[in-house]
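K.L.:
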Amino acid sequence: MNLSLHEVKSKTDLKQFIFLPAKIHKHHKNWVPPIYMDEWVFFDAKKNPLFDHCDTILLLAKKEDEVVGRIMGIINHKYNQGHNENHGRFCFMETYDDIDVAQLLITAIENWAQQKGMDALVGPLAFSDKDPQGMMIEGFDEPLVIATNGNLPYQPKLIEQMGYSKHRDMFVYKIMIPETVPEFYQKIFERRINNGKVKVINLESRKQLRKYIIPVLTLLNETFKDIYAFTPLNHKEMKEFAKRYIPILNPRFIKIVTNDTDQVVAFVIAMPDVSEGIKKSKGHLFPFGIIKILNSQKHTKQLNLLLGGIHDEYRNKGLDALLAIHMLEEARKANLEYIDSHLTLEVNTKIRAEMERLDGTIYKRYRVYIKNI
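With my numbering applied, the sequence shown has no gaps in its numbers, which climb one by one up to 373 at the end.
(1) With DSSP as the reference, label residue 340 as helix, strand or coil.
(2) Compare the beta carbon distance of residue 306 and residue 256 with 9 angstroms and say whether it is the shorter of the two.
(3) Rounded to whole angstroms, what's the CA-CA distance from residue 337 to residue 327? Just pull it up for me.
(4) How many Å lie between residue 81 and residue 90 at the Cα?
(5) From the DSSP output, in three-state form, read off residue 355 for me.
(6) If you draw a straight line from the C-alpha of residue 33 to the C-alpha of residue 293, how long is it?
(7) State buried or exposed for residue 210, treating a residue as buried only when at least 16 other CB atoms are found within 10 Å of its CB.
(8) By how many angstroms is the C-alpha of residue 222 removed from the C-alpha of residue 18?
(9) Write down every uninterrupted run of the beta strand (DSSP E) in the region 188–274 whose length is 3 residues or greater and which is fully enclosed by it, in chain order.
(10) Compare the beta carbon distance of residue 60 and residue 20 with 9 angstroms and say whether it is the shorter of the two.
(11) Leaving out the 5 sequence neighbours to the left and right, which residues in its chain are closer than 6 angstroms to residue 102 when beta-carbon positions are compared?
(12) Thinking C-beta only, is residue 285 closer than 9 angstroms to residue 35?
(13) I'd like to know whether the C-beta atoms of residue 272 and residue 288 end up nearer to each other than 9 angstroms.
(14) Here's the rule I'm using: 16 or more other beta-carbon atoms within 10 Å means buried, otherwise exposed. How should residue 250 be labelled?
(15) I need the straight-line Cα distance from residue 235 to residue 58, nearest angstrom please.
(16) Residue 63: which of 150, 6 and 283 sits nearest, CA to CA?
(17) Provide the residue(s) that pair with residue 87 in DSSP beta bridges, ordered along the chain.
(18) From this set, 125, 318 and 297, which residue's C-alpha is nearest residue 189's C-alpha?
(19) If you pair each beta-carbon of the region 170–181 with each one of the region 345–359, do three or more pairs fall below 8 angstroms?
(20) Can the beta-carbon of residue 370 be found less than 9 angstroms from the beta-carbon of residue 122?
(21) Tell me the residue span of the beta strand (DSSP E) that contains residue 111.
(22) Where does residue 163 land, buried or exposed, given buried means 16+ other C-beta within 10 angstroms?
(23) Would you mind giving the Cβ-Cβ distance between residue 75 and residue 118, rounded to the nearest angstrom? I have them listed as a contact below 8 angstroms.
(24) Mind checking which residues open and close the beta strand (DSSP E) that includes residue 58?
(25) Quick one: grab the DSSP three-state call for residue 77.
(26) Label residue 267 either buried or exposed according to how many other C-beta atoms from any shown protein chain fall within 10 Å of its C-beta, with 16 as the threshold for buried.
(27) Using the C-alpha atoms, what's the distance from residue 308 back to residue 269?
(28) When the Cα atoms are used, what is the spatial distance from residue 321 to residue 72?
(29) Residue 201: which of 130, 169 and 258 sits nearest, CA to CA?
(30) Shortest alpha-carbon distance to residue 367 belongs to which of 216, 29, 16 and 160?
(31) If you scan the region 128–166 from start to end, which runs of the beta strand (DSSP E) of 3 or more residues do you find wholly inside it?
(32) In the structure shown, what three-state DSSP assignment does residue 332 receive?
(33) If we ignore side chains and look at the alpha-carbon of each, how far apart do residue 30 and residue 184 end up?
(34) Closest to residue 191 by C-alpha separation, out of 325, 51, 349 and 141, would be which residue?
(35) Compare the Cα-Cα distances from residue 149 to each of 167, 129 and 166 and report the closest residue.
(36) At the level of alpha carbons, what is the spacing between residue 262 and residue 230?
Listed below in structure tokens is the structure:
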């Protein structure tokens, strides 16, 4: 067997890196391709501002002339400095069920990180928690959603075989949308909505969303500061984040709470699942992919939670219930039946309790691994 390692240097290399997963997952019925136009920007250091404070490397593994594996290494200096860590990261790893290829790729990233003074490697973990993180370890028969990893069952076995162990686990809850507002929410909702101190902004257009997106992301920075793997967005990164997601977000499912001075104090972002549309478009927006993706929102029964936050001064004052009521009402109007919670840290007992108060059940589990190097 003639295996070789190649660093991604050219546009041809990057094309092989980006499109390898489609070959590996060719017969994986639940796999959702990325939106390829986004991929070209995401992996381009000249276009993605997240590269500015990170060391990175992209590698391909080849058997003869065939690409059989890929991996990305990241050192997020901003995060390491803020958390007193010396951790390198691996992410976007894709291989067939081949321990030799997996070992070649992981060892290369371990050596690279070690040479840069790192003492451990964690992953899958990219630039921040807003990128796909963790490796699926349970729930392989369940449908996948965007912005999550969709690895095959053999991948965790390969990682563990190479000496990696649990660092963080994350759960995904499935919550059936109730036919009526839960009583415990209704009481809080009535009290909050009538006090005149806060109001809910129900967005009606993407133009209206653009007005609020920077204040929302600014609040995200404040409320996510203690969340595992979160790195605050600077203004340039906020604009790039908005550019990437506004075209596919449905403003109906973005709820914003402002106070009596019109300051954004809470928000939740969700979207009807577009996975089937992305699969039909094969990850291409043009010429007709964007239509398939947007139309798929009309036919799905699933609502995906993406992000949410409440200003520190407004916590424990019922704003979570206020947002939940408005979101559940919007979901019922759209004939949606259940919610995918997105990733929730195992140790985030407060959020987990909220999911379970709505009778949510864990149906997918992801793991970030670690190994000392």
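Just so it is clear, CB atoms sit at the ideal spot from N, CA and C, and this is done for glycine as well.
P.N.:
Checking against the coordinates, here is how it stands:
(1) Residue 340 sits at position 340 when you count from the first residue of the sequence shown. The answer is strand: DSSP assigns residue 340 an E or B state.
(2) What you label residue 306 is simply residue 306 of the sequence shown in a count that begins at 1. What you label residue 256 is simply residue 256 of the sequence shown in a count that begins at 1. No. Outside cutoff.
(3) Reading the sequence shown from its first residue, position 337 is the one you call residue 337. Reading the sequence shown from its first residue, position 327 is the one you call residue 327. Looking at the two C-alpha atoms, the distance is approximately 13 angstroms.
(4) What you label residue 81 is simply residue 81 of the sequence shown in a count that begins at 1. What you label residue 90 is simply residue 90 of the sequence shown in a count that begins at 1. Looking at the two C-alpha atoms, the distance is approximately 18 angstroms.
(5) By one-based count along the sequence shown, residue 355 stands at place 355. In this structure, residue 355 counts as helix in the three-state DSSP scheme.
(6) Counting from one through the sequence shown, the residue named residue 33 turns up at place 33. Counting from one through the sequence shown, the residue named residue 293 turns up at place 293. For residue 33 and residue 293, the distance between alpha carbons rounds to 12 angstroms.
(7) Walking along the sequence shown from the start, residue 210 turns up at place 210. Under this definition residue 210 is an exposed residue.
(8) In the sequence shown, counting from the first residue as 1, residue 18 sits at position 18. In the sequence shown, counting from the first residue as 1, residue 222 sits at position 222. Computed Cα separation, rounded: 33 angstroms.
(9) For the beta strand (DSSP E) assignment, the uninterrupted runs of no fewer than 3 residues enclosed by the region 188–274 are, from N- to C-terminal side, 198–202, 254–259 and 264–272.
(10) Here the question's residue 60 lines up with position 60 in the sequence shown. Here the question's residue 20 lines up with position 20 in the sequence shown. Yes. Within cutoff.
(11) In the sequence shown, residue 102 corresponds to position 102, counting from 1. Cβ neighbours of residue 102 beyond the five flanking positions: 95 and 158.
(12) Translated into positions along the sequence shown, residue 35 becomes position 35. Translated into positions along the sequence shown, residue 285 becomes position 285. Yes, they are a contact pair.
(13) As a working mapping, residue 272 is identified with position 272 in the sequence shown. As a working mapping, residue 288 is identified with position 288 in the sequence shown. Cβ distance not < 9 angstroms, so residue 272 and residue 288 don't count as in contact.
(14) In the sequence shown, the residue the question calls residue 250 occupies position 250. By the 10 Å Cβ count, residue 250 comes out buried.
(15) Working through the sequence shown from its first residue, we reach residue 235 at position 235. Working through the sequence shown from its first residue, we reach residue 58 at position 58. Near 26 angstroms, if we compare the C-alpha coordinates of residue 58 and residue 235.
(16) Within the sequence shown, residue 63 is the residue found at index 63, counting from 1. Taking only the C-alpha atoms, the option nearest residue 63 is 6.
(17) As a first step, residue 87 is located in the sequence shown; it is residue number 87 there, counting from the start. 120.
(18) Residue 189 sits at position 189 when you count from the first residue of the sequence shown. The candidate whose alpha carbon is nearest that of residue 189 is 318.
(19) Touching, yes, given that three or more Cβ pairs across the two stretches are closer than 8 angstroms.
(20) Working through the sequence shown from its first residue, we reach residue 370 at position 370. Working through the sequence shown from its first residue, we reach residue 122 at position 122. Contact flag set, yes.
(21) If you number the sequence shown from 1, residue 111 lands on position 111. Per DSSP, residue 111 is not a residue of any beta strand (DSSP E); the alpha helix (DSSP H) it occupies stretches across 99–115.
(22) By one-based count along the sequence shown, residue 163 stands at place 163. Residue 163 comes out exposed.
(23) Along the sequence shown, read from residue 1 onward, the residue named residue 75 stands at position 75. Along the sequence shown, read from residue 1 onward, the residue named residue 118 stands at position 118. About 6 angstroms separates the two Cβ atoms, so the contact holds.
(24) On the sequence shown, position 58 is the one that residue 58 refers to. 54–63 is the span of the beta strand (DSSP E), which, as asked, contains residue 58.
(25) Position 77 of the sequence shown, counting from 1, holds the residue named residue 77. It is helical.
(26) Here residue 267 is taken as the residue at index 267 of the sequence shown, counted from 1. Under this definition residue 267 is a buried residue.
(27) Here residue 269 refers to the residue found at position 269 when the sequence shown is read from its first residue. Here residue 308 refers to the residue found at position 308 when the sequence shown is read from its first residue. Residue 269 and residue 308: Cα-Cα distance of roughly 6 angstroms.
(28) The sequence position of residue 321 within the sequence shown is 321, counting from 1. The sequence position of residue 72 within the sequence shown is 72, counting from 1. Near 40 angstroms, if we compare the C-alpha coordinates of residue 72 and residue 321.
(29) Start at 1 with the first residue of the sequence shown, and residue 201 comes out as number 201. When each option's Cα is compared against that of residue 201, the closest is 258.
(30) Against the sequence shown, residue 367 aligns to sequence position 367. For residue 367, the nearest C-alpha among the options comes from 160.
(31) Uninterrupted beta strand (DSSP E) stretches at least 3 residues long and entirely within the region 128–166 occur at 135–138, given in chain order.
(32) Start at 1 with the first residue of the sequence shown, and residue 332 comes out as number 332. DSSP places residue 332 in helix when its eight states are reduced to three.
(33) By 1-based counting over the sequence shown, the position of residue 30 is 30. By 1-based counting over the sequence shown, the position of residue 184 is 184. Looking at the two C-alpha atoms, the distance is approximately 36 angstroms.
(34) Looking up residue 191 in the sequence shown gives position 191. Of 325, 51, 349 and 141, the residue nearest in Cα terms is 325.
(35) Taking the first residue of the sequence shown as 1, we reach residue 149 at position 149. Selected option, being the one with the closest Cα: 129.
(36) Stepping through the sequence shown from its first residue, residue 262 is reached at position 262. Stepping through the sequence shown from its first residue, residue 230 is reached at position 230. Rounded to whole angstroms, residue 262 to residue 230 spans 27 angstroms at the Cα level.
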